[in-house]
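Here is the structure we will look at.
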Amino acid sequence: MARIGRRKLFKLTGAGALAARTGGIAAILAAGRAPAYAQGVGVHWLRWNDFIPASDVLLKNEIAPAAEKALGFKLNIEMINGNDLQARTTAAIQSGSGPDVICGLNNWPQLYAESVVDVSDLAEELGKAQGGFYEESKVVANDGKKWIAVPWCVLGAMVVYRKSWFDEIGVTKFPETWEQYREAGKKLKAKGRPLGQTLGHTFGDAPTFTYPYLWSWGGKEVEADGKTVVLDSKAAVDSVKFMTGFWKDAHDEGGLAWDDTSNNRAFLSGTISATLNGASIYLLAKIKPDTYQTEKGTPMFEDMLHSPLPRGPAGQFGYHLPMSNMLMGYSKNQKAAREFLRWITSKEVYQKWFDSQQGYSVGATTVWESDPLWKKDPIMLPFRAAARAGRFPGFAGPADRKAAEGLSKYLITDMYAKAVQGMPAEDAVKWAHEEFVKIHAA
Amino acid sequence: MAVSYSLAQRRPYAGAPRRGPVTRLLEDERWLAAALLLPTLVLLALFIAYPFVKGIELSVTDAKVGVPGNFVGLDNFRALANDSIFRVAVWNTFVYTAVTTVLKLALGLWLALLLNRHFRGKALTRAFVLLPFIIPTVLSTFAWKWMFDPTFSVINWTLFRLGLITGRINWLSDPTLAMVSVIIVNVWRGVPFYAISLLAGLQTISPELQEAAAIDGARPWQRFRYVTWPLLLPVTMVVVLFSVIQTFADFQLVYVLTGGGPANATQLFATYAYQIGVGTGLLSQGAAVSLAMFPVLLLVVIVQLLYIRRVETH
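Okay, structure coming up:
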């Protein structure tokens, strides 16, 4: 083997860069290696591992090469577990280096507002071209003055239920009110088919159930000023009182410890009759009809329907997880990242990704409601306009850092969990109220 | 030295390399010692001292992710004193550490005494005992999570089949049982560390002492109480010290198993610090929660080290 000394190494490594500066492609070829400064140019996009694996395959195998072709730079897509995204984002911001664009959940753009770039031009252009954003997408990505992220999608949350089991107890139409749902659940639980719902510390299914439930009774954290905490109200106490009976009568009591995947498993194994979830349960059962079957041996997906959460005294609401792309302030590829965001959210490119989601997530803009995708499968139809009824935690105030603090401390979820575990309803509400007061006083 | 110096002067060796100033400096043992210690010092400074100082600095500011923040004195600690979830986390951490330490010590010691005997397949058994400690905690905790799953629990299934229970045990859904569950997993993971460390300690005890005690008529319990235990005590104290520190700051086990739930029933210092620091981006408050552990751990370390020194000097 030829020995390469220190001086020779310096000469060799300098050759590529020097050749590139002076002699162009021919010189680079002659040097036999790419110039150092040409490596690493491109956009690094960080996102979660999708619950619909086909979308990740599409991004890696089709979108990334297409981006390189259309934009002239490399698109590096990194996918990690959704639970690890925040730790990664925090580390990137604190160290000032990391992915150029991060696709965040919930109102993270508000948490990292000082570390992201104003993308008003991109967001406004997109909103105008695609029928406007849903309110939920807007409140998390706009700080009231400017857009701090480009909305990406909204993950619809609906109750998925076993049609035949509801039919058997004489409920042929999904219950419209909480009282009706409780009555149905009582009968189902008596037959060993309870409703399934988590009240645990898990970021998706717990708050997407407990917040809309509270709103539907007329309860809310704060007034529109975003400061006056008003949780301790008759509406909230009533909602908690109802929940304690509802839980005992109709629910699988193991749900207090469930994470976001537990209810999927319980539903698909036939131990619960209904649960609030994204469309992933149905879509998985549809992909694997031989694996997931009913007790009669028929494909389970044929026995599933979706419905919004029932209505309460104050109305019917939903909390669907919004996702948005943040262009990070530390990024040295701002121009390329902007080009990428404009390209990936354009109708033609986004269409491919939207199709791959099969309705699991809807677009952040209303134009996607009229997409032909919704004609393919009527079971998915309730997801089409779900985001219209969406609110975000922090209501009636802004979706700011304080709203996120209440959300990440699971205060609303724990308010119900404490009551279900035996704490008097008034005390549980008072506890959560005082925690919110502390958050808003800070 | 003078002789060899004069010899070297008289007959200079042509091929001897010239000694540069660095080499000459390093010939002085004090400088050499400093140079050899330097990498360790740099590592300690980078990975222990810097994060610690940074943690203190963060805890006295109102820093958030991406915002350096201003000095706020002890405001974050005052806020913690008023925080009901923090109080629950403190209580939980003490209960968790105390119960697991006692159980791990008792079971670990028992296992070590058994493993110290001669039997067939001794080496293999010792290797197997270490398994829970070797498997990455996150992986093994996921397995436990499945075993405690309210719907699919293999533990429930077994108890049901044996006719010991008629209904389901909600291991992770009931606040008390959730704490019991995380304690069980921690003990399962920690016992091998105790067993192997104490076994190493037991093997340093001369069998002659046991034999002498036996000849003098000491019963097995007396031999353990008056011969084995006093000799094993210094090792035990070190093992307990390490274990208490690790358990007190435990994160991954609870994070994976319960996320601190239900309703904060298993929330610990570390999980709460993560929830506030990373989940909400309030780095300063997260740092304050972490640092709140420090005085307690410092006290534990001081007491135990003083005790070890006393035992050794006696």
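Residue numbers (the working numbering), protein chains in the order written: chain A, 65 to 506; chain B, -16 to 297. Beta carbons: idealized from backbone N, C-alpha and C, even for Gly.
So what does residue i bridge to, in DSSP terms?
i, result
"residue 208(A)", "None; residue 208(A) has no bridge partner."
"residue 180(A)", "392(A)"
"residue 241(A)", "375(A)"
"residue 260(A)", "339(A)"
"residue 225(A)", "338(A), 369(A)"
"residue 138(A)", "106(A)"
"residue 425(A)", "219(A)"
"residue 144(A)", "112(A)"
In angstroms with no decimal places, state the Cα-to-Cα distance between residue i and residue j.
i, j, result
"residue 5(B)", "residue 98(B)", "53 Å"
"residue 264(A)", "residue 469(A)", "17 Å"
"residue 292(B)", "residue 219(B)", "13 Å"
"residue 3(B)", "residue 9(B)", "10 Å"
"residue 214(A)", "residue 397(A)", "17 Å"
"residue 448(A)", "residue 423(A)", "7 Å"
"residue 286(A)", "residue 205(A)", "20 Å"
"residue 70(B)", "residue 18(B)", "47 Å"
"residue 280(B)", "residue 227(B)", "8 Å"
"residue 191(A)", "residue 236(A)", "40 Å"
"residue 224(B)", "residue 113(B)", "20 Å"
"residue 14(B)", "residue 182(B)", "40 Å"
"residue 146(B)", "residue 176(A)", "55 Å"
"residue 77(B)", "residue 166(B)", "12 Å"
"residue 11(B)", "residue 117(B)", "44 Å"
"residue 496(A)", "residue 130(B)", "32 Å"
"residue 288(B)", "residue 193(B)", "28 Å"
"residue 296(B)", "residue 231(B)", "29 Å"
"residue 37(B)", "residue 267(B)", "10 Å"
"residue 65(B)", "residue 294(A)", "20 Å"
"residue 314(B)", "residue 278(B)", "Residue 314(B) is absent from the structure shown; chain B starts at -16 and stops at 297."
"residue 467(A)", "residue 457(A)", "6 Å"
"residue 297(A)", "residue 84(B)", "44 Å"
"residue 129(A)", "residue 23(B)", "46 Å"
"residue 167(A)", "residue 21(B)", "43 Å"
"residue 437(A)", "residue 185(A)", "29 Å"
Give me the chain B residues within the contact set of residue i, using Cβ-Cβ distance strictly less than 7 Å, ordered along the chain.
i, result
"residue 263(A)", "245"
"residue 317(A)", "153, 156"
"residue 201(A)", "The contacting residues do not exist; residue 201(A) stays about 21 Å from chain B at best."
Going by beta-carbon coordinates alone, are residue i and residue j separated by less than 8 Å?
i, j, result
"residue 154(A)", "residue 48(B)", "yes"
"residue 158(B)", "residue 246(B)", "yes"
"residue 460(A)", "residue 288(A)", "yes"
"residue 144(A)", "residue 113(A)", "yes"
"residue 420(A)", "residue 118(A)", "yes"
"residue 122(A)", "residue 350(A)", "no"
"residue 382(A)", "residue 450(A)", "yes"
"residue 87(B)", "residue 209(B)", "no"
"residue 250(B)", "residue 75(B)", "yes"
"residue 339(A)", "residue 223(A)", "yes"
"residue 260(B)", "residue 270(B)", "yes"
"residue 306(A)", "residue 229(A)", "no"
"residue 216(A)", "residue 182(A)", "no"
"residue 330(A)", "residue 379(A)", "no"
"residue 107(B)", "residue 170(B)", "no"
"residue 220(A)", "residue 342(A)", "yes"
How would you list, in chain order, the residues of chain A whose beta-carbon sits under 8 Å from the beta-carbon of residue i?
i, result
"residue 241(B)", "264, 265, 321"
"residue 67(B)", "495, 498, 499"
"residue 62(B)", "502, 506"
In chain A, which residues lie less than 9 Å from residue i when you measure between Cβ atoms?
i, result
"residue 119(B)", "The premise fails here: residue 119(B) is roughly 15 Å from chain A at the closest Cβ pair, so nothing lies under 9 Å."
"residue 161(B)", "320, 321"
Starting from residue i, find everything on chain B with Cβ-Cβ shorter than 8 Å and list it in chain order.
i, result
"residue 326(A)", "132, 133, 134"
"residue 212(A)", "In chain order: nothing, as chain B lies at least about 12 Å away."
I want to verify the contact list: residues of chain B whose CB lies under 9 Å from the CB of residue i, in sequence order.
i, result
"residue 465(A)", "47, 263, 264, 265"
"residue 228(A)", "Near residue 228(A) there are no residues of chain B at all, since even the closest Cβ is about 20 Å away, more than 9 Å."
"residue 478(A)", "68, 244, 245, 246, 247"
"residue 401(A)", "Neighbours of residue 401(A) on chain B: none; closest Cβ ~17 Å, over 9 Å."
Does any residue of chain E have a CB that is nearer than 8 Å to the CB of residue i?
i, result
"residue 258(B)", "Protein chains A and B are contained in the structure displayed, whereas chain E is not."
Query - Proximal residues, the region 162 to 186 of chain A versus chain B, C-beta separation under 9 Å - result: 172, 175, 176, 177, 178, 179, 180
Query raised in the report: What are the residues of the region 46 to 59 of chain B that lie near chain A, defined by any Cβ-Cβ distance shorter than 8 Å?
Result: 47, 48, 49, 50
Query raised in the report: Between the region 288 to 312 of chain A and chain B, which residues of the former have a C-beta closer than 7 Å to a C-beta of the latter?
Result: Answer set for the region 288 to 312 of chain A: empty.
Query raised in the report: What are the residues of the region 333 to 352 of chain A that lie near chain B, defined by any Cβ-Cβ distance shorter than 9 Å?
Result: Within the region 333 to 352 of chain A, the residues whose Cβ lies closer than 9 Å to some Cβ of chain B are 333, 335, 336, listed in chain order.
Query raised in the report: Any residues in the region 118 to 144 of chain A with a beta carbon nearer than 9 Å to a beta carbon of chain B? Which ones, in chain order?
Result: none
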